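Chemist:
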Amino acid sequence: MSEKNKVLVVAKPQYIEAQSSPEQNRFVFAYTITITNVGSVPARLLTRHWLITDGNGKVQEVNGEGVVGEHPHLNPGDSFRYTSAAMIETQVGVMQGKYKMLSDTGENFNALIPKFTLSIPRTLH
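FYI, the UniProt record's numbering numbers position 116 of the sequence shown as 116, with every residue one higher than the one before it.
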């Protein structure tokens with residue numbers, strides 16, 4: 001990825017106890033994503049691709065258009081923040097992925113979503 005097409009992605013996960021049901025192996029996590037265009041060219045988010053892996057190694061693959069029904073267009077220095085959720089069958093899991101972006105100069109590039117941990121409180125030290 002060139003310096004002109006550069007997007008930074010930061011994730012903050014949170015366990016949602018009220019929607020979870022541990023006795024039924026249902027653990028719900030919200031995650032807030034902040035996408036910042038740190039490049040020099042405006043770009044639009046086209047698609048998302050997630051890999052969600054639970055503690056048993058079960059992988060959910062999620063592909064879709066945009067995020068939360070939007071295709072944010074980010075000028076250099078702009079950020080877009082949204083919150084979504086995932087459900088896994090274990091107390092701990094990980095998520096990672098990428099966004100397909102299109103710069104205003106017509107170049108497609110990927111914005112990588114670094115791996116982050118889903119964990120109920122007091123599970124990891």
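Glycine included, every Cβ here is placed at the ideal spot set by N, Cα and C.
These numbers were taken from a predicted model, which means no experiment stands behind them.
Between which two residues does the beta strand (DSSP E) harbouring residue 126 extend?
Modeler: Outside the shown range of the chain (1 to 125) lies residue 126, about which nothing can therefore be said.
Chemist: Could you tell me which residues DSSP pairs with E70 in its beta bridges?
Modeler: On the sequence shown, position 70 is the one that residue 70 refers to. According to DSSP, which records beta bridges pairwise, E70 is partnered with V67.
Chemist: Would you please state the rounded distance, in angstroms, between the beta carbons of L118 and M95? I believe it to be under 8 Å.
Modeler: Counted from its first residue, the sequence shown places residue 118 at position 118. Counted from its first residue, the sequence shown places residue 95 at position 95. At roughly 6 Å, the Cβ-Cβ gap stays under 8 Å, so L118 and M95 are in contact.
Chemist: If you scan the region 91-116 from start to end, which runs of the beta strand (DSSP E) of 3 or more residues do you find wholly inside it?
Modeler: The qualifying runs are 92-103.
Chemist: For E17, is the beta carbon positioned less than 7 Å from some heavy atom of the ligand ATP?
Modeler: What this structure holds is no ligand at all, so the ligand ATP is not there to describe.
Chemist: Taking its Cβ as the centre, do 16 or more other Cβ atoms sit within 10 Å of P121, making it buried, or is it exposed?
Modeler: Along the sequence shown, read from residue 1 onward, the residue named residue 121 stands at position 121. Looking at its Cβ environment, which holds fewer than 16 other Cβ atoms inside 10 Å, P121 is exposed.
Chemist: In angstroms with no decimal places, state the Cα-to-Cα distance between N56 and T105.
Modeler: Here residue 56 is taken as the residue at index 56 of the sequence shown, counted from 1. Here residue 105 is taken as the residue at index 105 of the sequence shown, counted from 1. When rounded, the distance between both Cα atoms is 43 Å.
Chemist: Do the region 8-15 and the region 55-71 meet, that is, are 3 or more Cβ pairs less than 8 Å apart?
Modeler: Flag = no, the region 8-15 and the region 55-71 do not touch.
Chemist: Apart from the five residues on each side of it in sequence, which residues of its chain come closer than 8 Å, Cβ to Cβ, to T47?
Modeler: Translated into positions along the sequence shown, residue 47 becomes position 47. Once the five neighbours on either side are set aside, the close Cβ partners of T47 are N63, G64, E65, G66, Y99, K100.
Chemist: Using 8 Å for Cβ pairs, my map puts S103 next to A18. What's the rounded Cβ distance?
Modeler: Walking along the sequence shown from the start, residue 103 turns up at place 103. Walking along the sequence shown from the start, residue 18 turns up at place 18. That belief does not hold up - the Cβ atoms of S103 and A18 are roughly 41 Å apart, past 8 Å.
Chemist: Taking the beta strand (DSSP E) that A43 falls in, what are its first and last residues?
Modeler: On the sequence shown, position 43 is the one that residue 43 refers to. Run containing A43: 43-54, per the beta strand (DSSP E) assignment.
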